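Each protein sequence line maps, in turn, to chains A and X. So in the working numbering, spot 169 of the first sequence is number 169, and the numbers just go up one at a time. Going from the second sequence to the working numbering is simple: count from 1 and add 1000. Below: the structure, in structure tokens.
There are 2 protein chains.
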Amino acid sequence: MSKHKPNERARPTMADVARELGVAKITVSRALSEQSTVKESTRALIRETAERMGYRLNVSARNLRQQRTRTIAVVIEMAPSHDRLMSEPYPLSLLGGIMQELTAAGQNMVLTTIDLFAAHPPSTDGVILLGQGVHDDAAAMIEATGLPYVVWGAAHGPPERIVVGSDNRDGGRLAADYLLGKQRTKLLFLGETQHGEVDDRLGGFEAALTGTGAAIVDRVACAFTVAAGREAVSKLLERGRGFDGIFAASDAIAMGAIEAVEAQGLSVPGDVSVVGFDDSPGASLFSPRLTSVRQDWATGGALLAQKVLDLVSGKRVESRAMPVELVARES
Amino acid sequence: MSKHKPNERARPTMADVARELGVAKITVSRALSEQSTVKESTRALIRETAERMGYRLNVSARNLRQQRTRTIAVVIEMAPSHDRLMSEPYPLSLLGGIMQELTAAGQNMVLTTIDLFAAHPPSTDGVILLGQGVHDDAAAMIEATGLPYVVWGAAHGPPERIVVGSDNRDGGRLAADYLLGKQRTKLLFLGETQHGEVDDRLGGFEAALTGTGAAIVDRVACAFTVAAGREAVSKLLERGRGFDGIFAASDAIAMGAIEAVEAQGLSVPGDVSVVGFDDSPGASLFSPRLTSVRQDWATGGALLAQKVLDLVSGKRVESRAMPVELVARES
DNA sequence: ATGAAAGCGCTAACAA
DNA sequence: TTGTTAGCGCTTTCAT
């Protein structure tokens, strides 16, 4: 019958299904997308025939025709790994929140690194960027694509950029209040302030300290890992203990710091009080159980997703800082 | 000049760039994909012009024309969340291994749930499925798409299905050997054996016990959470302690079990020895530090990615069970 | 080294 | 309720 193609191995297209039934392919299109303008009996027939022939929609073709992809890119700065699980600033639960929301909206999510995104841009309608990168370079790269995008992090960029993040300044304040409540006066800050969010944490911490008698006696730039925290504090302790309280920019750093303190025969919280950040899963498992500032990752992720989808559909959108909460435990 | 379109707001296409320079659009295409058949000077000119005009490749159009998407779908069974971080059978590091490998191959990754995949199939060349689902239903659904796919889990399905997973039977054996070495003889197994991987763990555990004088005295189906582990063991202990060793299908379950044991005034490992599974990040933080069977997630993820890409490019591919390792700690 | 024509598979717009 | 026509933006094929 079909003189066009001698029955190749390839999968059938709408044209094939249409020819089989003697209808126009637009009718097949309408039927399979359940449009009510097609008679229900016709729809059923087409559905069955398509099924029987093994027909599958070619998503690329539809994306091209409709000029949209129902896909959002989530761009992270580096690949996750086992030893970074707890220390990563952007954990699985942030992704979970994003995914939940995108899924509910029927949107797919392509997960990619900043490098891959630059080299092989995927086909997407919008972008969620987790972390601006040092000096905003990641955000600038995304901006250049012209796609709608939102960022997780600190609002240090241009004011028109949509940013969702925790209220890191307030997190710093909470940490300060906790340490002040423990009568700590000589405080140590551990964290890399090149990172906008960490800078905000330090800012809020300092602000809450002014006029209290307590003060920051030292600050050490420090990666988000247990090892980095341990090393930083070990070095400091070699020249004697000049502090009685620590605010660490992540729980991993805090754990490393505590290990270093205890390695000197000192006790936490006896000699030194410690506050971490993130309330990671390990915080309540660690010994001593870690006091930490909790971020609401899941809600943050959901907000990111909502906002980027709103941007895609042309709505106006605003930045948002999410409240944080101090979880007081033993440290 | 351009009489076709009165300079719309839309982004320029290759045709626009071509018209601007008075060349054919195919030349623009060739130049931008750096084909050596185009004179270098022409290439440079086209590159600059495209850049100046803000040209961006339309990936959907290319995907349609080339009949491939450079994208692999990773299908998970449910969205990750904070409280599941440690207990999930498929953690971030598995994803990390997949991502690393796909990224290196210039492939994008779309992360999706089984439901979303069914409702809105993304445009992909292949699928990595994490977990077959109960009764294989997830795998069957993927199979029906006709796309090349590989599965993480246990090789309980049809033999032609490509499966990558840990050697769970050997993991069970290692757990048995450890408990036997601690002179434990009345053993408890905690885990949901509907789950193929867990079933293999139990199988290897039982096999290693035969003819040793030790035996399984009880087994409880149990979700992958701390709470489920705690509850299962609490219930058992209400009628007295009939066991002196526990093999739990995950570290989270093991932690819950230990909490329940200690809540009765018993000690781990004094009265009861416990082996977990996964060696999750919390295992070494927990008190007592948890003995656990470690899976090599990152390598597993990398293998999954390699194999699905091989399938996509028509190569022959085989299933693979990865070695596991017992990490002996305090429990 | 460059170009012209064709068409990937789908759906919007406009008939009938 | 169904059909016709056109075209999304790109790259393959075949010419020049």
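Each residue gets a CB set at the ideal place from its N, CA and C atoms; glycine is no exception. As the structure is a prediction and not an experimental result, all values here were calculated from the model.
- Look at the beta carbons and you see the segment 1244-1262 of chain X touching the segment 1166-1181 of chain X: at least three pairs across the two are nearer than 8 Å.
- For A:Phe-286, the nearest beta carbon of chain X is closer than 7 Å to its own beta carbon.
- Excluding residues up to 5 positions away in sequence, Asn-1063, Thr-1069, Thr-1071 lie with their Cβ nearer than 7 Å to the Cβ of X:Ser-1123 in the same chain.
- Neighbours of X:Val-1324 in chain A, taken as residues at a C-beta separation under 8 Å, are lacking, since the least C-beta distance is about 14 Å.
- X:Ala-1031 sits away from X:Lys-1025, with the two beta carbons spaced by 7 Å or more.
- In the displayed model, X:Leu-1266 falls within coil according to three-state DSSP, outside both helix and strand.
- Around A:Gly-54, the beta-carbon contacts reaching into chain X at under 8 Å are Gly-1146.
- Comparing alpha carbon positions, the residue from A:Arg-294, A:Asn-108, A:Leu-290, A:Leu-285 closest to X:Arg-1289 is A:Leu-285.
- By alpha-carbon distance to X:Pro-1269, the top candidate from X:Asp-1244, X:Val-1028, X:Pro-1121 is X:Asp-1244.
- In the assembly as shown, A:Arg-169 is a buried residue. Its beta-carbon has 16 or more other beta-carbons within 10 Å.
- Sorting X:Val-1308, X:Lys-1039, X:Val-1327, X:Pro-1323 by C-alpha distance to the C-alpha of X:Val-1293 places X:Val-1327 at the top.
- By the CB criterion at 7 Å, X:Ala-1302 and X:Glu-1048 fall outside the cutoff.
- DSSP lists no beta-bridge partner residue for A:Glu-48.
- Measuring C-alpha to C-alpha distances from X:Leu-1130 to each of X:Gly-1211, X:Phe-1189, X:Gly-1300 identifies X:Gly-1300 as the nearest.
- By the Cβ neighbour-count rule, A:Gln-295 is buried, with 16 or more other Cβ atoms within 10 Å of its own.
- Of A:Ala-139, A:Gln-194, A:Ala-119, the smallest CA-CA separation from A:Ile-128 is found for A:Ala-139.
- Counting only Cβ-Cβ distances below 8 Å, X:Thr-1103 has contacts in chain A at Ala-79, Thr-112, Thr-113, Asp-115, Leu-116, in chain order.
- A residue is called buried when at least 16 other Cβ atoms come within 10 angstroms of its Cβ; X:Thr-1210 does not meet this threshold and is exposed.
- Within the same chain, Ala-252, Met-255, Gly-256 come within 6 Å of A:Val-226 by CB-CB distance, once the 5 residues on both sides are set aside.
- Nearest CB-CB separation between X:Met-1109 and chain A: below the 7 Å threshold.
- Among the residues facing chain X, A:Asn-168 is not included, as its CB has no counterpart in that chain under 7 Å away.
- A straight line joining the alpha-carbon of X:Arg-1316 with that of X:Trp-1152 spans about 18 Å.
- X:Thr-1112 carries a strand assignment under DSSP once its states are collapsed to helix, strand and coil.
- When the five nearest sequence neighbours on each side are left out, the beta carbons in the same chain lying within less than 6 Å of the beta carbon of X:Val-1275 are those of Ala-1175, Tyr-1178, Phe-1247, Thr-1291, in order along the chain.
- Distances from the alpha-carbon of X:Gln-1183 to those of X:Arg-1201, X:Gly-1165, X:Thr-1212, X:Asp-1200 put X:Thr-1212 closest.
- If you draw a straight line from the Cα of X:Ala-1215 to the Cα of X:Asp-1279, it is about 24 Å long.
- Ranked by Cα distance from X:Leu-1045, the options X:Ile-1142, X:Val-1059, X:Thr-1027 are led by X:Thr-1027.
- At a C-beta separation below 8 Å, A:Gly-282 has these neighbours in chain X: Pro-1281, Gly-1282, Leu-1285.
- From the beta-carbon of A:Ala-61, the residues of chain X found nearer than 7 Å are Leu-1064.
- A residue is called buried when at least 16 other Cβ atoms come within 10 angstroms of its Cβ; A:Thr-112 meets this threshold and is buried.
- In this chain, the beta strand (DSSP E) harbouring A:Ala-73 covers 71-76.
- Residue burial annotation: X:Pro-1323 is exposed, with fewer than 16 other C-beta atoms found within 10 angstroms of its C-beta.
- Closest by C-alpha distance to A:Val-74, out of A:Tyr-55, A:Ser-60, A:Leu-94, is A:Leu-94.
- In this structure, the CA atom of A:Val-312 is about 15 Å from the CA atom of A:Ile-142.
- With a threshold of 7 Å between beta carbons, A:Leu-303 makes no contact with chain X.
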